[in-house]
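Undergrad:
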Amino acid sequence: FAERFEQLLQHVERYHELPRKVLDDIMSDGAAMQDEGEESGVIVHGNAGLRVKARTPNQQRLVEAVRSHDMVFAIGPAGTGKTYTAVALAVKALKERQVRRIILTRPAVEAGESLGFLPGDLREKLDPYLQPLYDALKDMIPAARLAEHLETGVIQIAPLAFMRGRTLDHAFVILDEAQNATLAQLKMFLTRMGRSAKFVITGDLTQVDLPHNQPSGLVKAIDWLREVEGISVIDLDQRDIIRHELVTRVLEVFDKHAEAPEPRSKSRK
59 FAERFEQLLQ HVERYHELPR KVLDDIMSDG AAMQDEGEES GVIVHGNAGL RVKARTPNQQ
119 RLVEAVRSHD MVFAIGPAGT GKTYTAVALA VKALKERQVR RIILTRPAVE AGESLGFLPG
179 DLREKLDPYL QPLYDALKDM IPAARLAEHL ETGVIQIAPL AFMRGRTLDH AFVILDEAQN
239 ATLAQLKMFL TRMGRSAKFV ITGDLTQVDL PHNQPSGLVK AIDWLREVEG ISVIDLDQRD
299 IIRHELVTRV LEVFDKHAEA PEPRSKSRK
């Protein structure tokens, strides 16, 4: 503990602030991968001294898959770092000029995708559904530069429906929450891929929010594409969860009860 406390003090002295994610990294109990030197495995240097890196073996597999494949599926429960790691890889690619732009998208199922019934301008309508993507970017890019990138279109964040008809080339493209896309939507998205593009599709098959009992297209897409050359599917699980330790316990309880048969109600005579 004394060594970790000393690291906290050194960080505050150097950067004059201590973001929660940095605190969590320093105070990690060792369940995640151990650091091997300050620069080892760093994907991107974020704000206030944040070093974004793969923290588990499966996250490292995701990093390696993105390096060697142009299309990668990252599938796992909440808190496994699949989206955060993907955004870090996108920021790294942009900084190193491997791509010209970053495009982040997710299905806005809570808003019915059309978003027409919501008040306010388009940005006000979209922001609540895209906020997790903004949060990740804010960790990794200085505020002024992020605002400039968003203004000039170097970084674009939009709902999945807005991808229709586009050709996404020279871009690092992330489809988040892909479990909430239908098979037709996934086909539309995956065929937007243009030259020198990198596609990462993240999803959690236990959190499908599609209305009217619509099936998730992600299940079939993974099944069909898993063995296709040039495509990689990375499966993450509860061992990769890097949020509060209670997240793992909550998921274990829910999974246990989900597997148990529902008690049959007694019929009235």
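Residue 59 is where the sequence shown starts when you use this note's numbering, and the numbers rise one by one after that.
Every residue gets a Cβ at the ideal spot worked out from N, C-alpha and C, and that includes glycine.
In this text, all values refer to a predicted model and were calculated from it rather than measured experimentally.
1) Give the straight-line distance between the Cα atoms of Glu-171 and Lys-245, rounded to the nearest whole angstrom.
2) Does the segment 158-166 come close enough to the segment 218-230 to have 3 or more Cβ pairs within less than 8 angstroms?
3) Give every residue of the same chain whose Cβ lies closer than 7 angstroms to the Cβ of Ser-126, excluding the five residues on either side of it in the sequence, and list them in chain order.
4) Find out if the Cβ-Cβ distance for the pair Gln-265, Ala-136 is shorter than 8 angstroms.
5) On the criterion of 16 or more Cβ atoms from any shown chain inside 10 Å, does Ser-254 qualify as buried, or is it exposed?
6) With a CB to CB cut of under 6 angstroms and the five nearest residues on each side skipped, what residues in its chain are close to Val-277?
7) Looking only at its own chain, which residues have a Cβ that is under 6 angstroms from the Cβ of Gln-214, when we skip the five neighbours before and after it?
8) In whole angstroms, what separates the C-alpha of Ala-316 from that of Leu-263?
9) Span of the beta strand (DSSP E) holding Gly-261?
10) Taking Cβ positions, are Val-149 and Met-198 nearer each other than 8 angstroms?
11) Do the CB positions of Pro-217 and Ala-144 come within less than 8 angstroms of each other?
TA: Quick look at the numbers:
1) Your numbering for residue 171 matches position 113 in the sequence shown. Your numbering for residue 245 matches position 187 in the sequence shown. Caution applies to Glu-171, whose pLDDT of 47 falls short of 50 and renders its modelled position unreliable; the value that the coordinates give is listed next. Answer to the nearest angstrom: the Cα atoms are 16 angstroms apart.
2) yes
3) Looking up residue 126 in the sequence shown gives position 68. For Ser-126, where only same-chain residues beyond five positions count, there are no Cβ hits under 7 angstroms.
4) The sequence position of residue 265 within the sequence shown is 207, counting from 1. The sequence position of residue 136 within the sequence shown is 78, counting from 1. Yes, the Cβ-Cβ distance between Gln-265 and Ala-136 is below 8 angstroms.
5) Taking the sequence shown and counting its residues from 1, the one referred to as residue 254 is at position 196. By the 10 Å Cβ count, Ser-254 comes out exposed.
6) The residue labelled residue 277 in the question sits at position 219 within the sequence shown. Cβ within range, chain order: n/a, list empty.
7) Taking the sequence shown and counting its residues from 1, the one referred to as residue 214 is at position 156. Once the five neighbours on either side are set aside, the close Cβ partners of Gln-214 are Ile-161.
8) Taking the first residue of the sequence shown as position 1, residue 316 is located at position 258. Taking the first residue of the sequence shown as position 1, residue 263 is located at position 205. When rounded, the distance between both Cα atoms is 13 angstroms.
9) Locating residue 261 in the sequence shown gives position 203, counting from the first residue. Taken as a continuous stretch (DSSP letters only), the beta strand (DSSP E) holding Gly-261 covers 256-261.
10) The residue you call residue 149 lines up with position 91 of the sequence shown. The residue you call residue 198 lines up with position 140 of the sequence shown. For Val-149 and Met-198, yes; Cβs fall inside 8 angstroms.
11) By one-based count along the sequence shown, residue 217 stands at place 159. By one-based count along the sequence shown, residue 144 stands at place 86. For Pro-217 and Ala-144, no; Cβs fall outside 8 angstroms.
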